[in-house]
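Chains A and B, in that order, give the protein sequences.
If you're matching positions, the first sequence starts at 1 in our numbering and goes up one per residue.
If you're matching positions, the second sequence starts at 86 in our numbering and goes up one per residue.
Backbone N, C-alpha and C fix where the C-beta goes; we use that ideal spot for every residue, glycine too.
All values derive from a computational prediction rather than experimental measurement.
Inspection log for the structure reproduced underneath, given as structure tokens.
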Amino acid sequence: MKKLILSCKRATYLISLKEEGKLSFRQRMQLRTHLSICSMCKKFEKQTAFISGNAKHSPQHADVTLDQNSKDKMKTTLKNIVDEK
Amino acid sequence: MDTIINGLAPALWVDKYADALYAFTIVRISDREIAKDIVQDTFLNAWKARESYTGKASEKNWLYAICKNKIIDHYRKGASNIVNVAAREENEYFDEAEHWTPDTKPGDWGLDYTQPVEKKEFYTVLEKCKTKLKEIQQTVFVMKYLDDLDSEEICKVLDLKPSYYWVLIHRAKLHLRTCLEKNWVNVQ
């Protein structure tokens, strides 16, 4: 019996694989069986799907700016090579 | 240097674009110094490549394209430096029988997982949690979910074996889930 049932460690890996669309038929069946009896892995599945689903809408820019000192340095470096022309 | 050359105005680049390019880079590469270097390199490379600017793209989009390439270059370097996969990093979450431990088992988040989060805090915490990942895990996570690339493409760009990529993505998820549970769900 033990061999038929996946461990949680293995099941979570298959959950991640599933999101990549990489499960074989056998793996799908194994995972389904595991999830039908394991509420923790079921939560893992829902929560990681929630994370990746929302991660897709992450802001493309952080809420930060560069310090003036760094900008001044950049300006000088750039000016030097532009003036070299 | 305040002239316009080939449709480009390099004298204004830093004032106009440095903040935005930096903010764009820092969500993809958390190291501030490296992010700064990338922005600086973007401007220098843009200047060197000025002859190739056709004016088809706006100056801004053209600079972004150069910046994106710089980021990818950095990712590649990081990926090629990886010698071996840390063995069994997942073990911190499971006991000898490969079951969840009392400390690591997923808790109840008390929310509807099918509803998108609207709160900004989620992304602030996700961002922080991301920076705690190993660099290569962060890279694949960002490429996959922020830049919306498919796994085949990510493996190709970084020259990773698919099986290794899956392990990386899986570990990123294990870590992020735990980190979010601790720092976002339980502090609401």
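Cα-Cα separation, residue i to residue j
i: A/Ser-24; j: A/Leu-14; result: 10 Å
i: A/Gly-53; j: B/Ser-236; result: 16 Å
i: A/Ser-36; j: B/Ala-134; result: 58 Å
i: A/Val-64; j: B/Gly-192; result: 33 Å
i: B/Asn-271; j: B/Thr-209; result: 15 Å
i: B/Glu-136; j: A/Ile-81; result: 15 Å
i: B/Asn-226; j: A/Thr-77; result: The identity of residue 226 of chain B in the sequence shown is Phe, whereas the question assumes Asn. Whole-angstrom Cα-Cα distance: 33 Å.
i: B/Thr-139; j: A/Asp-83; result: 22 Å
i: A/Phe-44; j: B/Leu-129; result: 46 Å
i: B/His-184; j: A/Arg-28; result: 19 Å
i: B/Ala-103; j: B/Ile-89; result: 18 Å
i: B/Leu-96; j: A/Leu-17; result: Per the sequence presented here, residue 96 of chain B reads as Ala, with Leu not at that position. Rounded to the nearest angstrom, the two C-alpha atoms are 49 Å apart.
i: A/Met-1; j: B/Thr-224; result: Here A/Met-1 scores only 44 on pLDDT, less than 50, and its place in the model should not be relied on; the value that follows carries that caveat. Cα-Cα distance, rounded: 40 Å.
i: B/Tyr-250; j: B/Ser-143; result: 35 Å
i: B/Lys-190; j: B/Asn-268; result: 15 Å
i: B/Ile-167; j: B/Lys-246; result: 12 Å
Contacts around residue i, its chain only, beta-carbon distance under 8 Å, and the 5 residues preceding and following it disregarded
i: B/Asp-244; result: Arg-161, Ala-164 and Ser-165
i: B/Ile-111; result: Arg-117 and Ala-120
Chain E contact residues for residue i, given Cβ-Cβ distances below 9 Å
i: B/Arg-161; result: In the displayed structure, chain E is absent; the protein chains listed are A and B.
6 Å Cβ shell around residue i - same chain, five flanking residues per side excluded
i: B/Lys-155; result: Ile-123, Asp-126 and Thr-127
Supposed contact pair residue j and residue i - C-beta distance, whole angstroms, cut 8 Å
i: A/Leu-6; j: A/Gln-30; result: 5 Å
i: B/Lys-229; j: B/Ile-239; result: 6 Å
i: B/Arg-262; j: B/Glu-174; result: Between B/Glu-174 and B/Arg-262 the Cβ distance is about 14 Å, and since that is not below 8 Å, they are no contact.
i: B/Ala-120; j: B/Ile-114; result: 5 Å
i: B/Tyr-178; j: A/Gln-47; result: With a Cβ gap of about 13 Å, B/Tyr-178 and A/Gln-47 do not count as contacting.
i: B/Leu-218; j: B/His-260; result: 6 Å
Residue i: contacting residues in chain B (beta-carbon distance under 7 Å)
i: A/Asn-54; result: Pro-201, Val-202 and Phe-207
i: A/Arg-28; result: Chain B residues near A/Arg-28: none, gap ~16 Å exceeds 7 Å.
i: A/Ile-37; result: What A/Ile-37 touches in chain B: nothing, since even the nearest Cβ is about 12 Å away.
Contact set between residue i and chain A, taken where Cβ atoms lie within less than 7 Å
i: B/Pro-191; result: Met-40, Lys-43, Phe-44 and Gln-47
i: B/Pro-95; result: Leu-78 and Val-82
i: B/Trp-147; result: Simply none; closest approach about 16 Å.
i: B/Val-99; result: Lys-71, Met-74, Lys-75 and Leu-78
Interface partners of residue i on chain A, CB under 8 Å
i: B/Asp-233; result: Lys-56
i: B/Ala-150; result: Within chain A, no residue comes near B/Ala-150; the closest Cβ sits about 14 Å away, beyond 8 Å.
Residues near residue i by beta carbon distance below 7 Å, same chain, minus five either side
i: B/Leu-265; result: Val-210, Leu-211 and Cys-214
Under 9 Å by beta carbon: chain B residues contacting residue i
i: A/Lys-22; result: Ser-236, Pro-247 and Trp-251
Proximal residues of chain B, C-beta to C-beta of residue i below 8 Å
i: A/His-61; result: Ala-105, Ala-108, Phe-109 and Val-112
TODO: Can you check the region 190 to 224 of chain B for any beta strand (DSSP E) of at least 3 residues that lies completely inside it and give the ranges in chain order?
DONE: Within the region 190 to 224 of chain B, not a single complete beta strand (DSSP E) segment reaches 3 residues in length.
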